[in-house]
Amino acid sequence: MKNMTQGNVMKLLLSFAVPVLLGNIFQQFYTMADTMMVGQILGVRALAAMGATASLSGLVIGLVSGVSMGVSILIAQYYGARDQEGMKMATYGCILLCMSSVVIIVLAAMLLKTPILSLLQTPKSILSMADGYLTIIFMGLFITMAYNMMASMLRSIGDSKTPLYFLIIASLTNIALDYLFIAQLHLGINGAGYATVLAQLLSVVLCFLYMRKKYPMFFLKKEECHVEREVFLKQMSMGISMGLMNSIVSIGSVVLQSAVNSLGEMTIAAHVAARKIVEMFMQPLISIAIAVTTFVSQNLGAKQYHRIREGMKKSIWISFGWVGIVILLSFTCIDFFIGFLVNKQQTQVVSLAAYYTRISSVFYFILAILFIYRNGLQGLGNGRSPIVSSCIEMGVKIIATFALIPFSGYTGVCFAEPIAWSLMGPFLFIFFYRDLKKKERMLI
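Written out as structure tokens, the structure is:
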């Protein structure tokens, strides 16, 4: 457990964020390994089929991840306030909400996946492959939710290292299973789906056994299985807020994906490769933002508002340092990284992927502000402003998609998201400090 209400702020943020970062990177290896195996062994068509599902699966997985993070925020606040009874109630509420929500999510995802793939203008040549892959990923959402719930519980009390260890094991397992299912058993892109789900199942089992032994407080006795209505509703609000925040933004990405799909298989494959690189580059920014959520939540519970201000400033500087490195890499050696994902002889695919990555990287300064202050607002218990900002971001992304892509093709795809980031970053910055000032006045 890590108490983030005292001690060096920079050191605390980094010591929390680095394990989260490494965990996120290894989690990216799940999909990166899938992409490498599919792109190098099965070819451009199979890679395009997997890529055509990326925005839809990202939307649903983002919803699952957001719900699990949101409902665990209250655990961090009670931990910061040293309220054991509150922690028990929040734990029970977290379990109830995660398990009930994933059933609804899976049912909706399975019913809607095929019609949505058609609406996204998925080429008929890859539609059946894409549909089969999504079926496997969506049925594995029960496992995804179980892992995210337990990892969020651990992070809420400052333990960000343990999820990392299990993700490393799961990632290595995923790579081995990818090779077995795709290269040896010839299961196509379905093999990549099976590998991902089975690797996640291993991380769930390991996480459960560890928590059972190390943190028995999360395993409630029968008489402790209750939660006050006010606590439950607050958790539900935070879970819905963070889940919707992730998903609403992803809806814009789904619309953007439909535009990419209309540009043909080569462009889809290039976009898949570019997004894998971009998502890897984003991981340090996401990890710092996750650290901010726990840091702000614990210090809010302890009423250490001056530390919250210091933590936000330090988080921005850390993030900006990484953005500088990303821009340097994007403009010097990005073709080298893309070459790991697709055959270098596919020169059009490599060129388009590099083009997307370079344009995107220039806007990461704004994206860092967006991530940090959006998660900071969640840590303060404000779920409304992030949802509003996410709705606006979605709307801007959709408008940009329809306004730019018909006239500029893939260049429009490259600029659609950065335009949305540029509008939302300042909005979240202003709302965070407005809310923080309100809480500071209540202390006087």
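For the sequence shown, our numbering begins at 6 and goes up steadily by one.
Think of the CB as a built atom: it goes at the ideal place given N, C-alpha and C, for glycine as much as any other residue.
In this text the structure is predicted, and so the values were computed from the model without any measurement.
In the structure shown, residue 97 adopts helical secondary structure according to DSSP, grouped into three states.
Counting C-beta pairs with one atom in each stretch, the stretch 409–421 and the stretch 102–118 have fewer than three that are closer than 8 Å, which means they do not touch. In the DSSP assignment, residue 76 falls within the unbroken alpha helix (DSSP H) covering 59–85. DSSP places residue 289 inside the alpha helix (DSSP H), whose first and last residues are 270–306.
Using a Cβ distance threshold of 8 Å, residue 157 and residue 77 count as a contacting pair. Rounded to whole angstroms, the separation of the alpha carbons of residue 445 and residue 266 is 49 Å. Runs of beta strand (DSSP E) with 3 or more residues, each lying fully within the stretch 184–249, are absent.
Rounded to whole angstroms, the separation of the alpha carbons of residue 91 and residue 334 is 46 Å. Taken through DSSP and simplified to helix, strand or coil, residue 129 comes out as helix. When secondary structure is reduced to three states using DSSP, residue 380 falls in the helix class.
By the beta-carbon neighbour count (other beta carbons within 10 angstroms, threshold 16), residue 380 is buried. Taking a C-beta distance under 8 Å as the contact criterion, residue 9 and residue 303 qualify as a contact pair. By the Cβ rule, the stretch 314–332 counts as touching the stretch 363–379, because three or more pairs are nearer than 8 Å. In the three-state reduction of the DSSP assignment, residue 166 falls in the helix class, which pools H, G and I. Between the C-alpha atoms of residue 251 and residue 221 there is a straight-line separation of about 31 Å. C-alpha of residue 313 to C-alpha of residue 294: approximately 13 Å in a straight line.
The alpha carbon of residue 139 has as its nearest neighbour, out of 61, 328, 341, 311, the alpha carbon of 61. Contact check for residue 172 against residue 28 passes: the beta carbons are separated by less than 8 Å.
Judged by beta-carbon spacing, residue 401 lies within the 8 Å limit of residue 424, meaning their Cβ atoms are closer than that value. Between the alpha carbons of residue 228 and residue 96 lies a gap of roughly 14 Å. Under the DSSP assignment, residue 340 falls in the alpha helix (DSSP H) whose first and last residues are 339–343. Contact between residue 54 and residue 282 does not hold, since the beta-carbon distance rounds to 20 Å and is not under 8 Å.
Take the alpha-carbon of residue 447 and the one of residue 262: they are about 46 Å apart. By the Cβ test, the stretch 350–367 is not in contact with the stretch 233–246, since fewer than three Cβ pairs between them sit closer than 8 Å.
Annotation for residue 352: the continuous alpha helix (DSSP H) segment containing it runs 352–367. For the pair of segments examined, the stretch 239–247 was found to touch the stretch 389–399: the number of CB pairs separated by less than 8 Å reaches three. Taking 8 Å as the cut-off, the beta carbon of residue 83 is found closer than this to the beta carbon of residue 306. Here residue 9 carries a coil assignment [DSSP, helix/strand/coil]. In the structure shown, residue 116 adopts helical secondary structure according to DSSP, grouped into three states. The C-beta of residue 412 has fewer than 16 other C-beta atoms within 10 Å across all chains shown, which makes the residue exposed.
For a cut-off of 8 Å, the C-beta gap from residue 187 to residue 42 is around 5 Å, short enough to register as a contact.
Membership of residue 397 in the alpha helix (DSSP H) is indicated by the continuous run 389–413.
Residue 349 carries a coil assignment under DSSP once its states are collapsed to helix, strand and coil.
Its chain contains no residue whose beta carbon lies nearer than 8 Å to that of residue 442 once the 5 sequence neighbours on both sides are disregarded.
For residue 421, the closest of 404, 432, 431, 437 by C-alpha to C-alpha distance is 404.
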